[in-house]
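Numbered per this note's numbering, the sequence shown spans residues 218 to 1251.
Using N, Cα and C, we set each Cβ at its ideal position, and we do this for glycine too.
Working notes, beginning with the structure itself.
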Amino acid sequence: MLKLISELNKYINAAHTTSPKFYSQTIAVGGYFAPKVIHVVSPLDFYVMKAMDVPMYEEQMYAMDKYYNDRQEQRIYSPENKMPVAINHNGHWHRGEVTSVKGPLQVEVRLVDVGTVITVHLRSLRTLHSDFMKLSKGVIACSLAHVAPCEQNDYQWPREALETFCALTNSDNLELFVHSTHTSKRNTFNVTLYSVRKDKNISINAQLVQLEFATSTGTESVQVEFYKDIEELTDDDPVNATKISIPSTSKDTKRSFRINSKILNIINPGEFYVIFKHNMTLVDQVQRRIQNLMAKSEAPLLPQDWQIDDMCCVRVELPDDPVCEWRRAIVKDIDESSGMYDVFLVDAGVQVRVKKELTAPVPSEKLKATFFAAFLCHLSHIAPTAGSKVWPSSAIDKFKSYCNSKKFEGYAVTMVGRSVNNSIPVVLWGRMEEDDPLQPTIVRWKNINESLVKRGYAHLTEKFPATFDNEIAEMELQLKNHEFQQFIESLNKSSLMETAVIDVDSWESKLTSEITAVLEWKPAEPWKESIFLGVATYVDNNGIIHMYNVKNRNLLDKMRVIADEVLRETLPSPVEQFWAKNQPCMAKYQAEEKFFRGVVRRVDKENGQCLVQFVDYGNIEEVSFKDMRKNLLFGNIPIQSYRFKFVNLVPIKREEPWPCDVLDKMHAYTTGHECIAMLNGPPEDNGTGLYEMVSLRMGNIDLVDYLLQNDYAARALPETAATVVQCTQLECLKPDGKTKVKTEPPELDSISKYREYFNQKDIKEQTLLLSENDDFDEEESTDNSDYKEDPSSDESDADEPSPLGGAMKKYRGDDDEESTVEHFNPLYTSTEVPKGREMFPYLELDKDCRGFYGKTTELMSPLELYFCPEIESHTVMHTNMEKCLQDAAAWYTPVDKVNPTTAYLARYDEDGRWYRAIVNSDKIIEDEIYVRFVDYLNTEMVNLKYIKPLHENFQCIPLRNIHVRLADVKVNPRYHAIDAERELRVMLHQKRVYAKIVKIGSPHLVKLYADKDDENVIYQSLIDRRFFVSTGKN
């Protein structure tokens, strides 16, 4: 009877559909289309719909809503796998396909036009009308090609990776390339997603690798940017020329830059294996992991029967690596008579024959998923001569001689197309270096593909572009120029990111897995820099922030890996049930299930646990005795965590501790993020291990400003609160806006008092503000003629060094328009001091100054530039001043009119912060006007409501950059000056250089060196190439 009912239900269900199953869309491997990402499980499991099909499937969904809401369609009583159904989900009716029956009343259904899998009650299913079976499945199952989760994330996709992938794919400007069909998932395609821009396509596969959310497992995730072809200007363009962009090829032959590689194994020019050098470190880590796991394996390694294409480990030694160790391999052939296996070593690119006894299973499933390092390649554009399909031995020998030649210092490949049968078409380059003791090293690249053709060993199947070599070089040059422009634009941020000079490499070289006997951990080394880039790890109840130097991130990662490998499988000994306060230990952090260095802060014998502080991160956790070890690692490595607190910052209720909600906000904004921190003067901990900060920035957010603006914190009144304001007696409003007081500050007669002033003052509570009712006299506030030097700066004190390395003097401009200021010339033979900079003093160098490190801010000509010196007190002065500018801007009101001869306070739109500026023009365009930010030299359009008066105190601070000129050289008159400038710009790209003072003046004459101890100037190659001519004069 039950069988009869089941058959009857099948008949009833089938009667309502004209087709028993959905059919999938036909997708061509190697094709492109514009996708719309519909549903994401992970980067290896997501669903897309062709963008052109989206309206059609939306229309079908609305038709289903109307059909099923107006009538009661028959229910399904006996569901089967792959049965089409209709189901209501999130307020709409969808087409679904039964994937499994969970029980008598629970059914798992995949929505074929969305990709989502849901489990529903049997009563929710309705039969699907035949009209809704006409369209194929709407979504296509996809997996990103050549990416895999990272080992540090235990081969899982963390939440941040999923959020980033969703953000990258949440765009209407996507392009999808179908790379291949998935080997293990049916109807799933391996794809590459591109974000389409005006001038380039960006590979999302490679972006995930670049952001360290994924590991590259092949060519589709190597290159991030694919620049489009050179674009011709139209007749409407202002210049009748060609827009220069980075060249590239069409979609089918996109070229990348040269990728430094090592040749592993050569079969012939059509089959050889390489490893990309940027992957070699990861391969070494995989090898070490395999050896450690195999050594720790307690089970005997019994021989197994392998099948072809099985993955295993084999114990072999290689010709260039005599160490016999376990390596990953894939079985290619089996000789049953002798019990031998032919296996391919996936990380070495060679095939070897081994005995069955020398094989073993891969010790971890995660290691199976790790990418294969050896890539199969073939030389593009060439083929064997005489129409043969087989490479002759003479061509193979010649190719091997090129690949083993001593005249090449190294090799690189340029990918010029898609993989064919898993083989990458490449151009192979040999790198030659011309090394002359009297000249800089010159690097030249030899095209080995072309060399085989020229010598008759190969036939050219497709011509190389006439400018192929120049194209590659031009691509690299254009990229450098592009990066240089980004460097100039972000100089403000990069100048603050100078981190402590710590010999991290020496610490990493001391890392071992040996147990060390120490009574306490080695104390942290003294902090060395006032401005640095750190990673916040913990905020304690006192508002103290724990951070480590960002340069030590790799060190801490390696310590984490080694500690996990050594201690993960160990069991606690009986003596590890007894602990004492302040005793060092290795403790397991439960959130990561890994061991870290710690110190016992409290012992709870009753509950068998300790309160442990993890010394390299600062956080305090309760840890059970069973998760603590007395076998200590890294006893020779200093503690990496440092403690920082904000100076003059207290809770809003001054007598009470920090509220929990404020601490939570501080924790959320800082922990796990890179932060730019600035200390209160030179680094000093006064023996307490606690450093004072005046600023902590995460991107554009300053934590101090955030806490003050939202009334989470208040300023602590300094001891000299009543005497911190400079200049004339100002009538100001108290913060309540009612009572007016008059404050007359002391004389600020030296730079040291300026530093004290900017470190201690609280503009909001003290003054240095102008109320809305005050009359602001622009001419009085900017008149340089009334300036008088303080007697304390007399020549009698000239020998005493000032905090800035030299006395600061007010710049005196000449009232005559025809002053000694040089003017800009289009031929670059002279330069112009930017208009308005004469309102501010320059940093005057001490007469005994011999040089300093720094970076270029702006090139004015091939010989003159603005240079940002790395003088610590000067940098701290500017950082403190800019912080005060933010406070002052909150109280100033916008000016009614602007004057090109007046200095102002202007807001920069991109970061929302206020800077010193001058007006470049008196022409107002839609309530906006051009201003130049004098400390950063960029010109921007700023709305008039964001231009405010600048108090004359701020005009007494020297400009951030100094004006310098290259000494002992001049531009070769036979060359265009603009060519020399371009070469110098590339040479100084992102370079921190040493400026040696030849003569102090205006401008200062300097020579630039890569390092203080170098003998040749950094632009020596421009002299050798005759762009510059040496004059031999100071």
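Proximity to residue i [Cα-Cα], best of the options
i	options	result
V820	I837, Q807, Y923	I837
S581	N509, Y619, E542, M632	N509
K1256	L1222, F382, C529, M557	Residue 1256 lies beyond the stretch modelled for the chain, which goes from 218 to 1251, so this question has no answer here.
N1116	I1164, E1099, M1098	I1164
C1101	F1069, S1138, I1135, I1174	I1174
S353	S640, R777, V331	V331
P1111	V1093, K843, K1162, E1087	K1162
A251	S388, L361, E891	S388
E1157	L924, N1137, G355	N1137
S640	A591, G604, S605, R661	A591
T576	N1178, A612, Q277, Q524	Q524
A808	F831, Q800, E786, E823	F831
E380	H256, N1233, Y1109	H256
L728	L850, P791, W1131, I547	L850
I244	S433, E314, N407, R376	N407
D844	K822, L880, R785	R785
A1270	R312, T1092, Q926	In the structure as shown, the chain begins at 218 and stops at 1251. Residue 1270 is therefore absent and cannot be evaluated.
E679	A600, S1078, V630	A600
K513	D552, T787, D1104	T787
Whole-angstrom distance between residue j and residue i, CA atom to CA atom
i	j	result
D1144	A1120	19 angstroms
F382	L261	11 angstroms
R544	N482	16 angstroms
E574	K882	59 angstroms
M632	E793	57 angstroms
A797	C541	46 angstroms
Y619	Q504	29 angstroms
Q369	F812	14 angstroms
E650	Y628	12 angstroms
T1074	Y755	36 angstroms
F975	D922	Confidence in F975 is poor, its pLDDT being 43 and thus under 50, which makes the residue's placement too unreliable to answer from.
P962	F1171	A caution first: P962 carries a pLDDT of 33, below 50, which makes its placement in the model unreliable, though a value can still be read off. Straight-line Cα distance between these residues: approximately 15 angstroms.
Y971	L913	The predicted model places Y971 with a pLDDT of 39, which falls under 50 and marks its position as unreliable; any figure quoted below should be read in that light. When rounded, the distance between both Cα atoms is 22 angstroms.
E275	K267	12 angstroms
S1247	I1195	18 angstroms
E314	G355	12 angstroms
Range of the contiguous alpha helix (DSSP H) that encloses residue i
i	result
V503	497-513
R312	Run containing R312: none in the alpha helix (DSSP H); it sits in the beta strand (DSSP E), 309-318.
E1198	1194-1204
Short Cβ contact (8 angstroms threshold) for residue i with residue j
i	j	result
Y1083	L1154	yes
I665	N848	no
V265	C359	yes
E1087	G1068	no
E1081	P1220	yes
H495	T436	no
A1134	A1123	yes
I293	R343	yes
V560	V531	yes
V533	V571	yes
P578	K739	no
K615	R672	yes
E891	L750	yes
V783	S730	yes
Y859	A741	yes
Beta strand (DSSP E) segment containing residue i, residue limits
i	result
A780	No beta strand (DSSP E) holds A780; the alpha helix (DSSP H) holding it covers 770-784.
H396	391-398
D821	811-821
Y1059	Segment: none, Y1059 is in no beta strand (DSSP E) and carries neither H nor E.
R1133	1130-1136
- Message: For the pair the stretch 395-411 and the stretch 294-306, tell me if three or more CB-CB distances fall below 8 angstroms.
- Response: No: fewer than three Cβ pairs fall under 8 angstroms.
- So, do the stretch 590-600 and the stretch 489-503 have three or more beta carbon pairs nearer to each other than 8 angstroms? yes
- Looking at C-beta atoms only, is the number of pairs between the stretch 331-340 and the stretch 735-752 that lie closer than 8 angstroms three or more? no
- Item | Touch test, the stretch 823-839 against the stretch 798-813, Cβ-Cβ under 8 angstroms, three pairs minimum | yes
- Query: Per the contact definition of three or more C-beta pairs closer than 8 angstroms, is the stretch 758-774 in contact with the stretch 855-868?
  - Reply: yes
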